[in-house]
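A.B. asks: Structure in structure tokens, see below.
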Amino acid sequence: PYEGPVDLVRRAAKRGLPSASLSTLMGTLQGMAERSVKSPQLRQFLGRFATYAGASPWQASAVFSLIPYLEHAEGIFHAEGGAGALAEALAKAVMRLGVDVRLGQRVSWSREGSQYQVGTERFDGLIVGADPLAHLGREAEQLTLSGYVAFYEAPTRLELPHHTVGFARDYRHEFDELFAGRVPEDLTVYVCHATASDATMSAPGRSGVYVMVNAPTVTDAATATKLREGL
């Protein structure tokens with residue numbers, strides 16, 4: 310558990326100088342898992358959290374181990390109605406504060422001194438949902454993992470839990486293939502059945518199921534179509 314830098318150093322110091330050095334260097338998430346747990350299944354489970362940032366556990370920092378700790382210690386929360394309901398509530402809240410929300414408009418922007426020029430208007434602040442690497446002229450750098458998502462409706466209410474992960478037999482090979490731009494034959498599959506926790510997420514007597522697998526990142530439509538067919 311990370312409760313501040315002083316607490317981190319204190320905990321590491323109790324385990325001796327070698328441990329303190331390891332804590333400072335951090336290392337990778339996979340390395341931390343191999344040092345900390347013996348179970349191959351638990352190591353695979355811990356490595357899963359690297360995908361939250363589109364990374365491989367063999368490359369991601371061990372700091373990602375904070376995520377499973379926080380989920381275990383503090384729990385996982387679901388907003389009734391799903392993430393879409395959360396976005397709608399946020400939009401209503403900012404509009405009550407006087408924010409002018411405009412949707413479906415194409416604009417260009419530029420920095421003008423301490424302000425931003427957006428179309429014909431100027432603003433003090435700007436939030437851009439574009440690719441930050443492209444904006445910085447770094448679009449040639451390696452991209453993170455992508456994902457393939459499918460939504461299904463079942464004609465009956467399923468007995469699935471809210472979250473299910475079916476892991477690939479060879480996790481390392483899966484990531485090697487993905488970062489080489491190929492779809493692995495054996496994929497890790499994540500299934501979200503939010504109806505298990507929130508009945509409003511699907512029609513009465515039915516279930517909505519969200520299925521996702523990791524996929525290599527592509528930048529052209531032809532390759533994307535080929536990958537979809539492979540998946």
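Start counting at 1 in the sequence shown, then tack on 309, and there's your number in the numbering used here. Ideal placement from N, C-alpha and C gives every residue a C-beta, glycine not left out.
Among residues of its own chain, excluding the 5 on either side of V346, which ones have a beta-carbon nearer than 8 Å to its beta-carbon?
C.D. replies: Working through the sequence shown from its first residue, we reach residue 346 at position 37. Counting only Cβ-Cβ distances below 8 Å, and skipping sequence neighbours, we find R352 and L355.
A.B. asks: Nearest-angstrom Cα distance between D316 and A322?
C.D. replies: Sequence index remark: in the sequence shown, residue 316 carries index 7 (1-based). Sequence index remark: in the sequence shown, residue 322 carries index 13 (1-based). Using only the alpha carbons, I get a separation of about 10 Å.
A.B. asks: Answer yes or no: do V522 and Y457 have a C-beta to C-beta separation smaller than 9 Å?
C.D. replies: Here residue 522 refers to the residue found at position 213 when the sequence shown is read from its first residue. Here residue 457 refers to the residue found at position 148 when the sequence shown is read from its first residue. The answer is yes: Cβ separation under 9 Å.
A.B. asks: My guess is that S370 and M335 are in contact by the Cβ rule of under 8 Å, so how many angstroms apart are they, rounded?
C.D. replies: Counted from its first residue, the sequence shown places residue 370 at position 61. Counted from its first residue, the sequence shown places residue 335 at position 26. Right, the Cβ-Cβ distance comes to about 6 Å (below 8 Å), so this counts as a contact.
A.B. asks: For the candidate residues F386, P464 and E450, whose alpha-carbon lies nearest to that of A503?
C.D. replies: As a working note, residue 503 is residue 194 in the sequence shown. Residue F386 is the option with its Cα nearest to A503.
A.B. asks: Indicate the three-state DSSP secondary structure (helix, strand or coil) for P310 in the structure shown.
C.D. replies: For the purposes of this step, residue 310 is identified with residue 1 of the sequence shown, where counting begins at 1. Reliability fails at P310, whose pLDDT of 47 lies under 50, so the model's placement of it is uncertain and the value that follows must be treated cautiously. In this structure, P310 counts as coil in the three-state DSSP scheme.
A.B. asks: Let me confirm a value: A400 is counted as buried when at least 16 other C-beta atoms fall within 10 Å, else exposed. Which label applies?
C.D. replies: Locating residue 400 in the sequence shown gives position 91, counting from the first residue. Classification of A400: exposed, given that the 10 Å Cβ count is below 16.
A.B. asks: Using 9 Å as the threshold, is the C-beta distance between L454 and P525 below it?
C.D. replies: For the purposes of this step, residue 454 is taken as the residue at position 145 of the sequence shown. For the purposes of this step, residue 525 is taken as the residue at position 216 of the sequence shown. Yes, the pair counts as a contact, with Cβ atoms nearer than the cut-off.
A.B. asks: State yes or no: is the C-beta of V408 within less than 9 Å of the C-beta of W418?
C.D. replies: On the sequence shown, position 99 is the one that residue 408 refers to. On the sequence shown, position 109 is the one that residue 418 refers to. No.
A.B. asks: Using a Cβ-Cβ cutoff of less than 8 Å, which residues in the same chain neighbour A477 once the five nearest sequence positions on both sides are dropped?
C.D. replies: Position 168 of the sequence shown, counted from the first residue, corresponds to residue 477. Excluding residues within five positions, the ones whose Cβ falls inside 8 Å are E483, P493, D495, L496 and T497.
A.B. asks: Quick one: residues in its chain with C-beta nearer than 6 Å to the C-beta of F373, no 5 flanking neighbours on either side, listed in chain order?
C.D. replies: Stepping through the sequence shown from its first residue, residue 373 is reached at position 64. Contacts found: L338, F358 and A359.
A.B. asks: How far does the beta strand (DSSP E) with V427 in it reach, from first residue to last?
C.D. replies: Locating residue 427 in the sequence shown gives position 118, counting from the first residue. Run containing V427: Q424 to V427, per the beta strand (DSSP E) assignment.
A.B. asks: Rounded to whole angstroms, what is the Cα-Cα separation between A553 and A388?
C.D. replies: With the chain covering 310 to 540 only, the question about residue 553 has no answer from this structure.
A.B. asks: Can you tell me whether A402 is buried or exposed? The criterion is at least 16 other CB atoms within 10 Å of its CB, across all chains shown.
C.D. replies: Here residue 402 refers to the residue found at position 93 when the sequence shown is read from its first residue. Classification for A402: exposed.
A.B. asks: Can you tell me whether Y480 is buried or exposed, with buried defined as 16 or more other CB within 10 angstroms of its CB?
C.D. replies: Along the sequence shown, read from residue 1 onward, the residue named residue 480 stands at position 171. Classification of Y480: buried, given that the 10 Å Cβ count is 16 or more.
A.B. asks: For my contact list, Y499 and V518 are in at a C-beta cut-off of 8 Å; report their separation, rounded to the angstrom.
C.D. replies: Taking the first residue of the sequence shown as 1, we reach residue 499 at position 190. Taking the first residue of the sequence shown as 1, we reach residue 518 at position 209. In fact, because the Cβ distance is near 11 Å, the residues do not count as touching under 8 Å.
A.B. asks: DSSP on A396, reduced to helix/strand/coil?
C.D. replies: Start at 1 with the first residue of the sequence shown, and residue 396 comes out as number 87. Three-state result, A396: helix.
A.B. asks: Compare the Cα-Cα distances from S506 to each of A398, A342, G391 and E380 and report the closest residue.
C.D. replies: What you label residue 506 is simply residue 197 of the sequence shown in a count that begins at 1. For the residues A398, A342, G391 and E380, the minimum Cα distance to S506 belongs to G391.
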